[in-house]
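Chemist:
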Amino acid sequence: MDNDTIYAPATPSGGAIAVVRISGPDAHKVLSAVFRGKQQKQQHARLYRGYIEDETGRVDDVMAACFYAPRSYTGEDMAEIYGHGGRVTIARVLSALAKNGARLADPGEFTQRAFLAGKMDLSAAGAVMELIGANSAAAADAALRQLSGGLFEKISAIQSKLTDALAIIEAGIEYPEEDIEADIQRDAMPLIESARLGAQRLADTFASGRMLGSGFGVAIVGRPNVGKSSLFNLLLDKDRAIVTAIPGTTRDVVDDVIIKHGFPVRIIDTAGIRYHADEVEKIGIERARNAAKDADLKFFVIDRSAGITQEDMQIYSALEGSRIAVLNKSDLDAKVTRDEAEKAFGCDIIEVSAATGFGRDALMDAIKLPEFGEADDVVVTNERHWQLLNTAAQSLEAAVVAFDTADLDCVTIDIKEAWDKLGEITGVTATEEIINNIFDTFCLGK
Ligand SMILES: Nc1nc2c(ncn2[C@@H]2O[C@H](COP(=O)(O)OP(=O)(O)O)[C@@H](O)[C@H]2O)c(=O)[nH]1
Ligand SMILES: [Mg+2]
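For reference, each letter of the sequence shown is one residue, going 1 to 446 in the working numbering.
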């Protein structure tokens, strides 16, 4: 039932204060059944001091507030109780609510109701969890922009161009006897083209937006024993990976996130790549290769006190994309100079010593983060949104082609399809299943 009254704790247990939310047509009735304060009728959004009582008597000393529809988070009548954060106390307050006609909310149900009441669009609703889960300032900023309707505005602007184009075309279809196809094309084409460009530009922001969740990936690769795990620990500033003098110690991919300028950077330590390895090590090496392939930057490490070996050259030449050669163990006698390494690898070189910490700053500087444009630019951070934007852009490309090759009905179909895909982002054309899937990932009380 969607129109019942729900409650849920909104804060984790064990804190000083626990917030419990109630929403639905009976929210105020449920509150007044358990709350004993001086005032009978509470004003909108004002805090009142009182006690929560169950059939045994007082269970907590609290503050409570009422919110009147539609001026609440969910758009329904709501109430909030601010009690003590003890596990027992919260449980007793919740049980008092349950006995007075409210039902424990599903995860995300408050935000789902807010969406259904038109308080926020689907992209803003999704951003609520991104904001809560953000592990860097940049990710939090992006979520906050979506939460305040940034993506919704961009999508709506594109959709309104499409609506205008459709109106022009449909007016033309109604008068087929007049030869106005050229006029229609002249008027509608720029709208479609600019909508297509808008969708594509927005989709392209996912290249950097993607990294806000998973982090900018830096893989550390190289032969066994060159000091990869030592460098990994140095970059993380903690003893995370096991370091030994025995080759083949790291057998799996280990990763952790550091924050650089408010942006998450995922450092990935990998198994040393060698060609004579046992079964377990072989699996680790396979994973190392995959991790390196997916990473945005590779630190290719060699032991400069051992010189450049044939295996080093083999590993290096198998690496693709952006890579930097790291000459480790610079505290020992060097068998290879910087110039020699530059000649051998033809990429940027950084001299370091994991043992002394020399070169750590140079490694950090070498991690060049993606450009984010203006601070208030909207970035797409959600893979589903990215796919929908790409599909919409493709449909619009098809619409442009259909102007010359097919009749106007085909153009119309392509435009409508693009419009619908965009609507799945804001929720206008999203099915119940899509909507439920999104809110299923929410936490309780949100
Ligand atoms: N002298 C010196 N020894 C190092 C340096 N970096 C790593 N080592 C040593 O080299 C060995 C292998 O290091 P480890 O980080 O496990 O290498 P990995 O197999 O590439 O991960 C260990 O005994 C480390 O103490 C360094 O910069 N200088
Ligand atoms: Mg290692």
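Using N, Cα and C, we set each Cβ at its ideal position, and we do this for glycine too.
(1) So if DSSP puts Cys66 in a beta bridge, which residue, or which two residues, is it bridged to?
(2) Look at the alpha carbon of Leu116 and the alpha carbon of Arg223, and state the distance between them as a whole number of angstroms.
(3) Give me, in chain order, the residues of the same chain whose beta-carbon lies closer than 6 Å to that of Ala271; leave out the 5 immediate sequence neighbours on both sides.
(4) Looking at Ala140 and Ala165, is the spacing between their C-beta atoms short of 8 Å?
(5) Which residues in the same chain have their Cβ closer than 8 Å to the Cβ of Cys443, if we skip the five residues on either side of it in sequence?
(6) Give the DSSP-derived three-state secondary structure of Ala8 in the structure shown.
(7) Is the region 233 to 247 in contact with the region 324 to 334, if contact means three or more CB pairs nearer than 8 Å?
(8) Would you kindly report the start and end of the unbroken beta strand (DSSP E) that includes Asn328?
(9) Going straight from the alpha carbon of Met1 to that of Gly24, what length do you get?
(10) Pull up the distance between the alpha-carbon of Thr163 and that of Phe403, whole angstroms please.
(11) For Ala219, does the three-state DSSP call read helix, strand or coil?
(12) Look at Ala105 and Ile6 and say whether their C-beta atoms are less than 8 Å apart.
(13) Report the rounded CA-to-CA distance for Glu281 versus Phe232, giving the unit in angstroms.
(14) Quick check: what's the CA-CA separation for Thr391 versus Ile184?
(15) For Arg58, which residues in the same chain have their Cβ closer than 6 Å to its Cβ, ignoring the five residues on either side in sequence?
(16) Note down the Cα distance separating Lys228 from Ala354, rounded to an integer number of angstroms.
(17) Under the three-state reduction of DSSP, which class applies to Lys260: helix, strand or coil?
(18) Is it the case that the Cβ atoms of Val226 and Val301 are separated by a distance below 8 Å?
(19) Have a look at His44, Glu342 and Thr11 and flag the residue whose alpha-carbon is nearest the alpha-carbon of Gly87.
(20) Would the C-beta of Lys446 count as close to ligand 2, meaning under 7 Å from any of its heavy atoms?
(21) When the Cα of Leu147 is compared with those of Ile158, Ser160, Glu153 and Ala124, which residue comes out closest?
(22) Beta carbon of Pro190: closer than 7 Å to some heavy atom of ligand 1?
(23) Have a look at Leu332, Glu340, Asp294 and Phe345 and flag the residue whose alpha-carbon is nearest the alpha-carbon of Tyr316.
(24) I'd like to know whether the C-beta atoms of Ala65 and Leu94 end up nearer to each other than 8 Å.
(25) Would you list the one or two residues that DSSP bridges to Ser72?
(26) Look at the alpha carbon of Ala114 and the alpha carbon of Val401, and state the distance between them as a whole number of angstroms.
(27) For a quick check, are the C-beta atoms of Val34 and Asn135 less than 8 Å apart?
(28) Taking the beta carbon of Ile90 as the centre, do at least 16 other beta carbons fall within 10 Å, making it buried, or is it exposed?
(29) Here's the rule: buried if 16 or more other CB atoms are within 10 angstroms of the residue's CB, otherwise exposed. What is Leu396?
(30) Under a Cβ-count criterion, where at least 16 other Cβ atoms within 10 Å of its own Cβ denotes burial, should Ser214 be classed as buried or exposed?
(31) Could you name the residues of the same chain whose beta carbon sits closer than 6 Å to that of Ala291, not counting the 5 residues immediately before and after it, in chain order?
(32) Is the beta carbon of Glu80 sitting closer than 8 Å to the one on Val20?
(33) In its own chain, which residues sit with a C-beta less than 7 Å from the C-beta of Val411, not counting the 5 before and 5 after it?
(34) Run the CB neighbour count on Met313, radius 10 Å, all protein chains shown included, and call it buried at 16 or more, exposed below.
(35) Less than 7 Å between the CB of Leu332 and some heavy atom of ligand 1, yes or no?
(36) Just the C-alpha distance for Lys161 and Arg145, rounded to the nearest angstrom, thanks.
Modeler: Let me lay it out:
(1) Taking the sequence shown and counting its residues from 1, the one referred to as residue 66 is at position 66. Paired residue(s): His44 and Ala79.
(2) For this step, residue 116 is matched to residue 116 along the sequence shown. For this step, residue 223 is matched to residue 223 along the sequence shown. Looking at the two C-alpha atoms, the distance is approximately 56 Å.
(3) Taking the first residue of the sequence shown as 1, we reach residue 271 at position 271. Same-chain partners within the cutoff: Thr250, Arg251, Gly284, Ile285 and Ala288.
(4) As a position in the sequence shown, residue 165 is number 165, starting the count at 1. As a position in the sequence shown, residue 140 is number 140, starting the count at 1. No, they are not a contact pair.
(5) Residue numbering aside, residue 443 sits at position 443 when the sequence shown is read from its first letter. For Cys443, where only same-chain residues beyond five positions count, the Cβ hits under 8 Å are Pro107, Gly108, Met129 and Ile132.
(6) In the sequence shown, residue 8 corresponds to position 8, counting from 1. Strand, per DSSP.
(7) no
(8) Along the sequence shown, read from residue 1 onward, the residue named residue 328 stands at position 328. Here the beta strand (DSSP E) through Asn328 covers Arg323 to Asn328.
(9) Taking the sequence shown and counting its residues from 1, the one referred to as residue 1 is at position 1. Taking the sequence shown and counting its residues from 1, the one referred to as residue 24 is at position 24. Model confidence at Met1 stands at a pLDDT of 47, short of 50, so the residue's coordinates are unreliable and nothing is read from them.
(10) Within the sequence shown, the letter at position 163 stands for residue 163. Within the sequence shown, the letter at position 403 stands for residue 403. Looking at the two C-alpha atoms, the distance is approximately 17 Å.
(11) As a first step, residue 219 must be located in the sequence shown, where it is residue number 219. Strand at Ala219.
(12) Residue 105 sits at position 105 when you count from the first residue of the sequence shown. Residue 6 sits at position 6 when you count from the first residue of the sequence shown. Yes, Cβ-Cβ distance for Ala105 and Ile6 is below 8 Å.
(13) Here residue 281 refers to the residue found at position 281 when the sequence shown is read from its first residue. Here residue 232 refers to the residue found at position 232 when the sequence shown is read from its first residue. Roughly 19 Å between the two C-alpha positions.
(14) For the purposes of this step, residue 391 is taken as residue 391 along the sequence shown, with counting starting at 1. For the purposes of this step, residue 184 is taken as residue 184 along the sequence shown, with counting starting at 1. If I take the Cα positions, the gap works out to 24 Å.
(15) Taking the first residue of the sequence shown as 1, we reach residue 58 at position 58. Excluding sequence neighbours, Arg58 sits near Tyr51.
(16) Translated into positions along the sequence shown, residue 228 becomes position 228. Translated into positions along the sequence shown, residue 354 becomes position 354. Distance between the alpha carbons of Lys228 and Ala354 is about 9 Å.
(17) Start at 1 with the first residue of the sequence shown, and residue 260 comes out as number 260. Strand.
(18) The count along the sequence shown starts at 1 and reaches residue 226 at position 226. The count along the sequence shown starts at 1 and reaches residue 301 at position 301. In contact: Val226 and Val301 (Cβ atoms closer than 8 Å).
(19) In the sequence shown, the residue the question calls residue 87 occupies position 87. Before going further, note that residue 87 is Arg rather than Gly in the sequence given. Of the candidates His44, Glu342 and Thr11, the one whose C-alpha sits nearest the C-alpha of Arg87 is Thr11.
(20) As a working note, residue 446 is residue 446 in the sequence shown. It does not: the Cβ of Lys446 is nowhere closer than 7 Å to a heavy atom of ligand 2.
(21) What you label residue 147 is simply residue 147 of the sequence shown in a count that begins at 1. Of the candidates Ile158, Ser160, Glu153 and Ala124, the one whose C-alpha sits nearest the C-alpha of Leu147 is Ala124.
(22) Taking the first residue of the sequence shown as 1, we reach residue 190 at position 190. For ligand 1, not one heavy atom lies less than 7 Å from the Cβ of Pro190.
(23) Position 316 of the sequence shown, counted from the first residue, corresponds to residue 316. Of Leu332, Glu340, Asp294 and Phe345, the residue nearest in Cα terms is Phe345.
(24) Numbered from its first residue, the sequence shown carries residue 65 at position 65. Numbered from its first residue, the sequence shown carries residue 94 at position 94. Not closer than 8 Å, so no.
(25) Taking the first residue of the sequence shown as 1, we reach residue 72 at position 72. In DSSP, Ser72 forms no bridge with anything.
(26) As a first step, residue 114 must be located in the sequence shown, where it is residue number 114. As a first step, residue 401 must be located in the sequence shown, where it is residue number 401. Rounded to the nearest angstrom, the two C-alpha atoms are 40 Å apart.
(27) Walking along the sequence shown from the start, residue 34 turns up at place 34. Walking along the sequence shown from the start, residue 135 turns up at place 135. Contact: no.
(28) By 1-based counting over the sequence shown, the position of residue 90 is 90. Buried: at least 16 other Cβ atoms inside 10 Å.
(29) Position 396 of the sequence shown, counted from the start, is the residue given in the question as residue 396. Label assigned to Leu396: buried.
(30) Residue numbering aside, residue 214 sits at position 214 when the sequence shown is read from its first letter. Result: exposed.
(31) Reading the sequence shown from its first residue, position 291 is the one you call residue 291. Cβ within range, chain order: Ala219, Val253, Ile268 and Thr270.
(32) Numbered from its first residue, the sequence shown carries residue 80 at position 80. Numbered from its first residue, the sequence shown carries residue 20 at position 20. Against a cut-off of 8 Å, the Cβ pair of Val20 and Glu80 comes out as a contact.
(33) In the sequence shown, residue 411 corresponds to position 411, counting from 1. Here the set comprises Ile169, Ala399, Ala402 and Phe403.
(34) Taking the sequence shown and counting its residues from 1, one reaches residue 313 at position 313. It counts as exposed.
(35) By one-based count along the sequence shown, residue 332 stands at place 332. Yes - ligand 1 has a heavy atom lying nearer than 7 Å to the Cβ of Leu332.
(36) As a first step, residue 161 must be located in the sequence shown, where it is residue number 161. As a first step, residue 145 must be located in the sequence shown, where it is residue number 145. Looking at the two C-alpha atoms, the distance is approximately 23 Å.
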